[in-house]
Every structure is written in structure tokens, then in C-alpha cells.
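One line per chain: the protein sequences are A and B, in this order. Each residue of the first sequence is one higher than the one before, starting from 2 at the first, in our numbering. Each residue of the second sequence is one higher than the one before, starting from 2 at the first, in our numbering. Glycine included, C-beta positions come from ideal geometry on N, C-alpha and C.
There are 2 protein chains.
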Amino acid sequence: MIEDKNKHRTELSDLGEFGLIDHLTKNFKINHKSTIKGVGDDAAVLDFKNNKIVVTTDLLLEGVHFDLSYMPLKHLGYKSVVVNLSDVCAMNATPTQITVSIAVSNRFPLEALEELYAGIETAASIYNIDVVGGDTTSSTTGLLISITAIGTIDGDNEVYRNGARPNDLLVVSGDLGGAYLGLQILEREKEVFKVNPNNQPDLEAYSYIIERQLKPEARKDIVKLLKELEVKPTSMIDISDGLSSEIIHICKQSEVGCDLYEEKLPLDPVVISTCEEFKIDSTTVALNGGEDYELLFTISQEDYPKIKANPSLTVLGFIKEKEAGIHLVTRAETKIPIKAQGWKNFNA
Amino acid sequence: MIEDKNKHRTELSDLGEFGLIDHLTKNFKINHKSTIKGVGDDAAVLDFKNNKIVVTTDLLLEGVHFDLSYMPLKHLGYKSVVVNLSDVCAMNATPTQITVSIAVSNRFPLEALEELYAGIETAASIYNIDVVGGDTTSSTTGLLISITAIGTIDGDNEVYRNGARPNDLLVVSGDLGGAYLGLQILEREKEVFKVNPNNQPDLEAYSYIIERQLKPEARKDIVKLLKELEVKPTSMIDISDGLSSEIIHICKQSEVGCDLYEEKLPLDPVVISTCEEFKIDSTTVALNGGEDYELLFTISQEDYPKIKANPSLTVLGFIKEKEAGIHLVTRAETKIPIKAQGWKNFNA
Chain A
2 MIEDKNKHRT ELSDLGEFGL IDHLTKNFKI NHKSTIKGVG DDAAVLDFKN NKIVVTTDLL
62 LEGVHFDLSY MPLKHLGYKS VVVNLSDVCA MNATPTQITV SIAVSNRFPL EALEELYAGI
122 ETAASIYNID VVGGDTTSST TGLLISITAI GTIDGDNEVY RNGARPNDLL VVSGDLGGAY
182 LGLQILEREK EVFKVNPNNQ PDLEAYSYII ERQLKPEARK DIVKLLKELE VKPTSMIDIS
242 DGLSSEIIHI CKQSEVGCDL YEEKLPLDPV VISTCEEFKI DSTTVALNGG EDYELLFTIS
302 QEDYPKIKAN PSLTVLGFIK EKEAGIHLVT RAETKIPIKA QGWKNFNA
Chain B
2 MIEDKNKHRT ELSDLGEFGL IDHLTKNFKI NHKSTIKGVG DDAAVLDFKN NKIVVTTDLL
62 LEGVHFDLSY MPLKHLGYKS VVVNLSDVCA MNATPTQITV SIAVSNRFPL EALEELYAGI
122 ETAASIYNID VVGGDTTSST TGLLISITAI GTIDGDNEVY RNGARPNDLL VVSGDLGGAY
182 LGLQILEREK EVFKVNPNNQ PDLEAYSYII ERQLKPEARK DIVKLLKELE VKPTSMIDIS
242 DGLSSEIIHI CKQSEVGCDL YEEKLPLDPV VISTCEEFKI DSTTVALNGG EDYELLFTIS
302 QEDYPKIKAN PSLTVLGFIK EKEAGIHLVT RAETKIPIKA QGWKNFNA
């Protein structure tokens, strides 16, 4: 949260649109054979031969989706890419290209955008995707990022939200609730900083959950793993809004019910200790936290032997008939209906 | 500019994200075989078989790209789609799908978004494209629209900006300068309205140029025409920033020069009369006006007989060697260098 005020500042107006795009994308490499033409024409040209593709898009706004007082621009660039790649992975597809559009006000110097694009480039490099286009414009207020991601599907391996069937197993990758708690820590430190700007916070103990918030990963590795294990999920979604919300999406679209076991929720030790510190229920955090970007999917019971030994995957419960409803089975073996948390941005 | 204050107003917060997307896209039909899955999952699934595709994206912000005091929301929705389709056409491709993301503040009721989406739906229907995804979020300030368009290429018919060769002919579709002058009329009426809100403007005489500004069209018909005429342009771009700027793009990327003949600039009679009224030079307007969304392209001289009789196409000049530079040849037969107008948004 400490900024070097002596950093060189280049005004965006010194470059103009064309200079800006050229400058920001000059380090971006094209790695995919499917990218025939990237940045620099009216549109990118892509050739996927006989493969189906997936397309997804996300809009991130300053003040709504991120707070630059604790989100470094490089992390923001990285995360903006990752949240889109996560949607591609949730189709059981492999991300290949993105376009990146930004709107930015004059209060940002060129150096700030270079940081943002450094994060985008890092994500592009780690996930092996090509940046093939975009748009850059001025904004009268803050920063806005709009990314569209494209991925390829291997054969007929696309997985929708609507394929879950009774008796399927509900499975999740990784662990839950970390990103939400990381945000709580950052919000708390922001308040401390307002009172005492010289305070040097020691966030070492929270590094896992802060990283879950600031630098989440898309589970491209899980898509690869499932292929290697020869498991095609019957349905899949990524966890952006929270486990409850995503389970409801799968159940509604698949016209099924679900029993989710509280005792099965995968929680990192830092999540458990931070919940104790904040005096909040870890189950509530795991259910409603959001932004974990793990993959939630259902598999046929006959695929269970293939996944049961894998430390990255946890079976959370069972798909039931629609009439059975959607429930959390608590440690005390009571059943509590799982309800949608809704979407609160418009109430802000 | 007169608003019915008694219109029903539904607050966006009454719907939430999922209700909102469902509501706004429920009338959208899927027409393309290539659209396997549209709105409603983590991503759209598309299958173009063996065809190459093009991808392009544009960001439109209230206060930067449009002014809602004279831009009706339905027109804005239509235009937002068209400017993206124009980029697809400029690759000599046929638009097939779009994703639409919007950020909107609480000051917009649901009815306003319905208007916006009615315009999007009209464009989708007229241009035969499928709306296959998007994102809807709240904004702390105005309205923002981010659209990504996808199109298919027939065989190897993609056309870049960099293929113009010396002796090629420079050709433009339609006429120039109308959109810019339409904007001048609307700006003037806005000022009149501020002084006297009861004034009922008679804009009948300007209807052509106002329509060029508020409801531009993408020249999908020209892509079709060129195919029928068996003409593959050597380079192509759409006119969004103005003829001068686009000529410079083609010349720079193709490493060529150009002679553009002032007497050849296609001007509508309303453009000429409005230039006289505003006491501005029609050549300046045609060169720098922008937003005409016509197609500017170069063809081999041997293709000239195929296009010469066509009323939609005008030969503007010749491509020269790079060393010759880029010039306007005036009616007085003097040569004036054509310079980039740059991009002024960041100076605003």
C-alpha cells in the first residue's frame, strides 16, 4: 500500500490511441497455430480447423469488482485474465486466445497501464494464451477492463451446466472460502491504513488467503487431469459467486436436487483459523464466499474410482431427484435448504 | 429529446443479475448452425467446421462515445452492434455471433435497458447474427457497452490492411462526412434545447445525416457484392476514425503511398448543403469526419471493369510507391500531404 511518489509519470495524452496499443502489446507473443492474425487489424483471424470453440466475456469495474487501494495493478491484470479463463475451463475446454479492452481515466499514467499489462502478459504466458485484440479508450471516471476469452474443445468434450443426473457425485477442486477471507483481511488492513498510514502490516500468516483473493488461478490443470483420468463430467461450472449459488445453477439447469455434506467441505487451515479470528462460521464462508475459481462438477458414480485418490478433488455430496430439493446435510445430520444468495451489486 | 416522465419505472435492484440477463435476452433467437450453445452457461459453444473466424471487440462509454441527451437508447443498442459488425466486414468476413456486456448505474430503470436491448435485437435480426453471451454489472457512473463480434471467412478470403500494392485503385463504399455533420446538427439542437426546452426542432431536412450518426449501417452488403463480383480486395479497413486516418493505416501497414483525388470524394447533397450552412469545407469533413462505417479498400487495376458500373462504389485514387508519400490531389491540382488526425479522447 506504499507508493513511490517519485516514479516517472508519462501522461496518456502524450501517446494517443495507436501509440498506446502498440506500446502496451509490443511484448505479447503469439504461440498458437490457431492464431493466424493477432493485434493490428480490424479483427483477429483464427483457424481452429475442425474443433469447436467456446467464447466467454467478463466486465470488471473499479469500485464494483476491485479496489485499487489494495489490488496492485499487476495482480489486477492477472486476475482479469484468470476469471475469464476459469469460465473456459468450466466448459471442459482449453483456453487459447483473449481480447482485452480497457477504459481508463487521465489520472492513470502510462506506467500504471504498463503494470496492468505486465500482469496480463504474465497470465497469458503461464496459461499459454495469445492476446489477439482489444480496444483502448478514455474513461471519465475509473478503470474498466473487458476481456473476452476463447478456448478449444477436444472432440465432443464440452460440458454444460445441465447434464447432472440423480446419483451423480458432486465434486469440487481445491479448497473453498479463501478468496473471501483474503478480501476481509485486505479490507481490515485498509481501515488500519486510513487511521495510521505508517503502520507496516504483517500479513505473513494470511499469505495463502490473500493470494487466493489477489492472484486466483483458473483450474486448467483440472481440465487436463480429467482428460488424463478419462473422466468426462456430466455437468460443470466454476465457482465465482460461491458454492451455494453454483450448486443451484447446476441443479436448476439439470432439473435435479442435491445433498451437500457439510463435513466434506474442503477448508485450508488458514481459512479455519481466520474464521475463528473473525468469529464467522467456516461453512457459511465456504458456501457463500465466492471468487475461489475452483471447478464444481458432477460425475457418474462409475467414475469414482478414477478420482478418489486425487488430493486436488473432493466429493461433496450426491445429486438427487428434483423433488428432493437442494440441501446442506450438517455435521449434526440435519438438512438445511440451500438458498441463492442473489447478486447484490445493484443494491450497492 | 422529450421524455415521457410518466413511463413505468422498474428498479434494476428488483431483478438481480440472473433475472436481468434472462429478462433482457429472452427474445433473442439463435439462427446459425454454428451456434451450438448461446447464453446461459459459463461460455457459448460454437462450431465453425473448417472455416476460419474473425474476432473483434469495441468498448463504448457514455460521455466519451455517446451522449444520451440526443442518442435514443434503442439507436445506441443498434449502433453498438453495427460498429463491431463493421470491423468484421472490413476483414471481408460475414458476421455470425456477438457477445454483449453492459455496465449500468442505478439511474437507469429496467425499461431503459429494454430499449437498449430492443436496438441490439433489431441489429441482430437485420444482420442475421446470434447473441451468444455477455455480462451485466452495475456501474458507479454511466452506461458502458462492450461488444465482441465473431464472423466467418469463406475459404481464404480474409483481407488485411497490409496488402495494398502500387497501382492498385483506392475504393470507398457509399458517401462520406454524413455522420459527422449529423452530430453537429444534434449538438446544435442540444444547445437550442437548453435555452428553450419547448422548442420543437424541425430536423426533416437533415434526416439523412442524422440517421448516418444515430443509425449507421455495417456494409455487409458490400462484402456480399464483392464476392458476387469476384473481386477480392488487396487491403480493406472500415471508416470509423475518418478517411485520412484509414488511408494512413492502409499505407503504413502496406508500406505504400497514395494519391487521393479531392474531386472524387463522394458527398451526399445534404452533406454539401449542410457544409455550406455551417461554413465548413466539405473536403475537410469527408477526410476527417469519421463514424461513416463505410468500407475503404484497394483492388488490383484488372478488377476495375467489375466494379466501375456500381453506384455503391467510388474510385478515390491510386496506390503509389511508399516514397511518393500520401497526398490529396486538390481540384486545383495541387498536392497536399495527408496527415493523421490522431486520437483526441485522452486530451478531453
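Practice task
Hey, could you find the ends of the beta strand (DSSP E) Glu322 (chain A) is sitting in?
Solution key: 314-322
Practice task
Taking C-beta pairs closer than 7 Å, name the residues in chain A that Leu111 (chain B) reaches, listed in chain order.
Solution key: Per Cβ cutoff of 7 Å: no residues; Leu111 (chain B) is ~10 Å from chain A at best.
Practice task
Would you verify that the beta carbon of Met72 (chain B) is, or is not, closer than 7 Å to some beta carbon of chain A?
Solution key: Taking Cβ atoms only, chain A never reaches closer than 7 Å to Met72 (chain B), which makes this a no.
Exercise for the section: Alpha carbon to alpha carbon, how far is Phe49 (chain A) from Lys50 (chain B)? Give it in angstroms, no decimals. Expected result: 8 Å
Practice task
Let me know if His350 (chain B) comes out buried or exposed under the rule of 16 or more other beta-carbons within 10 Å of its beta-carbon.
Solution key: In the structure displayed, chain B extends from 2 to 349; residue 350 (chain B) sits before or after that span and is not available.
Practice task
Go through its chain and collect everything with a Cβ distance to Ala180 (chain A)'s Cβ below 8 Å, but skip five positions before and after it.
Solution key: Apart from the 5 residues on each side of it in sequence, Ala180 (chain A) sits with its Cβ closer than 8 Å to the Cβ of Ile210, Arg213, Gln214, Pro217, Gly290, Gly291, Glu292, Asp293, Tyr294 in its chain, given in chain order.
Handout entry: For Gly175 (chain A), the nearest candidate out of A:Lys336, A:Leu329, A:Thr331, A:Lys221 (CA to CA)
Key = Checked all of A:Lys336, A:Leu329, A:Thr331, A:Lys221; the closest Cα to Gly175 (chain A) is A:Lys221.
Practice task
Just confirm the distance between the C-beta atoms of Lys233 (chain B) and Asn158 (chain B), as a whole number of angstroms; I'd bet it's less than 8 Å.
Solution key: 6 Å
Handout entry: Range of the contiguous beta strand (DSSP E) that encloses Thr58 (chain A)
Key = 54-62
Exercise for the section: For Glu159 (chain B), decide whether its Cβ has a neighbour in chain A, counting only Cβ atoms nearer than 7 Å. Expected result: yes
Problem - Pairwise C-alpha distance: Ser255 (chain B) and Val160 (chain B) - result: 12 Å
Exercise for the section: Just the C-alpha distance for Val84 (chain B) and Phe279 (chain B), rounded to the nearest angstrom, thanks. Expected result: 27 Å
Handout entry: Beta bridge counterpart(s) of Ser255 (chain B) as assigned by DSSP
Key = The partner list for Ser255 (chain B) (beta bridge, DSSP) is empty, contrary to what the question assumes.
Practice task
Output the boundary residues of the beta strand (DSSP E) element that contains Asp131 (chain A).
Solution key: 131-139
Practice task
Measure from the C-beta of Ala91 (chain B) to each C-beta in chain A and report whether the shortest distance is under 7 Å.
Solution key: yes
Handout entry: Interface flag, Arg220 (chain A) vs chain B, CB-CB below 7 Å
Key = No - not a single Cβ of chain B is within 7 Å of the one on Arg220 (chain A).
Practice task
Name the two residues that bound the continuous alpha helix (DSSP H) containing His76 (chain B).
Solution key: 74-90
Practice task
With a cut-off of 8 Å on the beta carbons, I'd call Met92 (chain B) and Gly152 (chain B) a contact; round off their distance for me.
Solution key: 7 Å
Problem - Presumed contact (8 Å Cβ cut-off) between Leu314 (chain A) and Ile308 (chain A), rounded CB distance - result: 5 Å
Practice task
Measure from the alpha carbon of Lys191 (chain A) to the alpha carbon of each residue in A:Lys321, A:Met72, A:Gly156, A:Ile148, then state which is nearest.
Solution key: A:Met72
Problem - Pair within 7 Å by beta-carbon distance, Asp339 (chain A) and Leu170 (chain A) - result: The amino acid at residue 339 (chain A) is misidentified as Asp; the sequence shows Ile. Contact flag unset, no.
Practice task
Using beta-carbon positions only, say whether Gly243 (chain A) and Glu322 (chain A) come within less than 7 Å of one another.
Solution key: Their beta carbons are not under 7 Å apart, which means Gly243 (chain A) does not touch Glu322 (chain A) by this criterion.
Practice task
Using a Cβ cut-off of 9 Å, pull out every chain B residue sitting near Lys30 (chain A), in sequence order please.
Solution key: Ordered by position in chain B, no residue passes the 9 Å Cβ test against Lys30 (chain A), which lies about 18 Å from the chain.
Problem - Three CB pairs or more closer than 8 Å across the stretch 56-65 of chain B and the stretch 30-49 of chain A - result: Yes, since at least three Cβ pairs between the stretch 56-65 of chain B and the stretch 30-49 of chain A fall closer than 8 Å, the two stretches touch.
Handout entry: Enclosing alpha helix (DSSP H) for Ser274 (chain A) [first to last residue]
Key = 270-279
Exercise for the section: Provide the residue(s) that pair with Gln302 (chain A) in DSSP beta bridges, ordered along the chain. Expected result: The partner list for Gln302 (chain A) (beta bridge, DSSP) is empty, contrary to what the question assumes.
Practice task
Could you tell me which chain B residues have their CB closer than 8 Å to the CB of Ile37 (chain A), listed as they occur along the chain?
Solution key: Lys53, Glu159
Exercise for the section: Determine the closest residue to Ser102 (chain B) out of B:Leu25, B:Ala310, B:Ile248, B:Val193, with distance taken between C-alpha atoms. Expected result: B:Leu25
Handout entry: Ser102 (chain B): contacting residues in chain A (beta-carbon distance under 8 Å)
Key = Thr58, Asp59, Leu60, Ser147
Exercise for the section: Consider the Cβ of Ser241 (chain A): report whether some Cβ of chain B lies at a distance smaller than 7 Å. Expected result: no
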